[in-house]
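Colleague: Per my numbering, residue 387 is the first one in the sequence shown, and the count goes up by one each step.
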Amino acid sequence: MKTSAPVSPDRLIDEIMGYRKAKILMVAAYIDVFTPLTTPRTAAAMARRLKLDPRAMEILLDALTAIGYLHKRGRLYANAPISARYLVRGKPGYMGDNLKYQEMIWDAWGDLRHSIGKGGAVRPLEYWLLRHKGFTQEYIKGMDNIARGPAAEIAALAAPAPGSRLLDVGAGPGTYSLAFLRANPEMSATLLDLPSTLKVTRRMLAEFPGLAARTRLKAGNYRDACFGRGEYDLVLLSHITHDESPEVNRRLIEESRRALKPGGKIIIHDFMLEPDRVRPVFGALFSVHMLAYTEGGRTYTAGEYAGWLRRAGFSRLTEHPIAVESRNSSRILIGVKEK
Ligand SMILES: C[S@@+](CC[C@H](N)C(=O)[O-])C[C@H]1O[C@@H](n2cnc3c(N)ncnc32)[C@H](O)[C@@H]1O
């Protein structure tokens, strides 16, 4: 594939600045400099407030100003519009939890050189979920930050019949289930996830007691759990297949089919690559993210998902783009269990 990127050493300097910018932003979100900077403050005041070093705070805040996340007037720093909108805790568009998760998983990127030799993560997702203190909470809240728009879109596209029963496999924060329940007052949802994740899910669902009353939490490992037999109208696999190998994904799809009633539908939602696997850029980079912290995950093509679905006995496959306007747009594939 040809690219029109300039052939210049400056391009390489830009890439190096790219990782520095990303790390600065992730650390700033992690220690949450943005919520207090709704009011202009000096570096010394920020250091006192966050109980951190004043010299380091000044260097960090200057860099955040240089890259456009803060404004500086005299010695006072304040949020630039992008930070005010997306990085202040409590704002509807808050993305800070997702950046906190990216900061925590940065250590997995530190292992990347070794992952290339090994063919998979040095410290896989299980390590982060089960053994890394505090990771699960940031990971699950971080998923919710990016799920709300796509969840509403998918619920509208799927248009389930009244009274439908949904199984949400690897449900995480439950954002997708909640979107379905919000749009369909008679629907109910079962959220399957690891027990450690469900502790976080339970706390997040408590914010929506009306909807939570129509949910059931089912603890289990999706790699070997029985999903049920002929019980559900809809099974959703959202952003879990990229964490897993083709073998695990085929099992997830076959088990989903067993859990569905005749005429029921499976929805696979994920980032997907074009057949050449190099477009879109987000998908190609996300595949490396998976290489860094999963055993067998990567970004798959829509054709691969369609092949697994047909092999498992799904038909009438349809494909829809999701969040097309965004950098991290995704796709869904819907398949029907005929009998
Ligand atoms: C990337 S998150 C996706 C969450 C949600 N489906 C979404 O789209 O926002 C992956 C989810 O899979 C869950 N998960 C990972 N391994 C699992 C396993 N072996 N069994 C059950 N759930 C698992 C994680 O706890 C997490 O909630």
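Ideal Cβ placement from N, Cα and C applies to all residues, glycine included.
As the structure is a prediction and not an experimental result, all values here were calculated from the model.
Can you tell me whether Asp483 sits near ligand 1, meaning its C-beta is under 7 Å from at least one heavy atom of the ligand?
Modeller: The sequence position of residue 483 within the sequence shown is 97, counting from 1. No.
Colleague: Within the present structure, is the beta-carbon of Leu591 separated from the nearest heavy atom of ligand 1 by less than 7 Å?
Modeller: Counted from its first residue, the sequence shown places residue 591 at position 205. No, Cβ of Leu591 sits at least 7 Å from all heavy atoms of ligand 1.
Colleague: Give a single yes or no on whether Tyr686 has its beta carbon closer than 7 Å to a heavy atom of ligand 1.
Modeller: Translated into the one-based positions of the sequence shown, residue 686 becomes position 300. No, since every heavy atom of ligand 1 falls outside the 7 Å radius drawn around the Cβ of Tyr686.
Colleague: Is Tyr562 near Leu638, with beta carbons less than 8 Å apart?
Modeller: Counting from 1 along the sequence shown, the entry for residue 562 is found at position 176. Counting from 1 along the sequence shown, the entry for residue 638 is found at position 252. It is not a contact, given that the beta carbons lie outside the stated cut-off.
Colleague: Along the alpha helix (DSSP H) that carries Ile491, what are the first and last residues, could you check?
Modeller: Along the sequence shown, one-based indexing puts residue 491 at 105. Per DSSP, Ile491 belongs to the alpha helix (DSSP H) from 482-496.
Colleague: Considering only residues of the same chain and omitting the five flanking positions on each side of Trp495, which have a CB-CB separation below 6 Å?
Modeller: Looking up residue 495 in the sequence shown gives position 109. The residues are Ala678.
Colleague: Can you tell me which of the three DSSP states Ser726 falls into?
Modeller: The requested residue 726 is not part of the displayed model; the chain covers only 387 to 725.
Colleague: Glu705 by DSSP, collapsed to three states: which one?
Modeller: Position 319 of the sequence shown, counted from the first residue, corresponds to residue 705. In this structure, Glu705 counts as strand in the three-state DSSP scheme.
Colleague: Who are the Cβ neighbours of Leu485 in its own chain at under 6 Å, not counting the five residues just before and after it?
Modeller: Here residue 485 corresponds to residue number 99 of the sequence shown, with the count starting at 1. The answer, listed in chain order, is Met412, Ala415.
Colleague: Given this structure, state the Cα-to-Cα distance separating Leu423 from Ala470, to the nearest angstrom.
Modeller: Counting from 1 along the sequence shown, the entry for residue 423 is found at position 37. Counting from 1 along the sequence shown, the entry for residue 470 is found at position 84. Their backbone Cα atoms lie some 9 Å apart in a straight line.
Colleague: DSSP on Gly721, reduced to helix/strand/coil?
Modeller: As a working note, residue 721 is residue 335 in the sequence shown. The answer is strand: DSSP assigns Gly721 an E or B state.
Colleague: Please determine, among Gly505, Ile491, Ile718, Ser574, the residue with the shortest C-alpha to C-alpha distance to Arg684.
Modeller: In the sequence shown, residue 684 corresponds to position 298, counting from 1. Minimum Cα distance to Arg684 is reached at Gly505.
Colleague: Does ligand 1 have a heavy atom nearer than 7 Å to the CB of Ala557?
Modeller: The residue you call residue 557 lines up with position 171 of the sequence shown. Yes - ligand 1 has a heavy atom lying nearer than 7 Å to the Cβ of Ala557.
Colleague: For a cutoff of 8 Å on Cβ pairs, would you count Leu511 as touching chain C?
Modeller: Absent from the structure: chain C. Only one protein chain is present.
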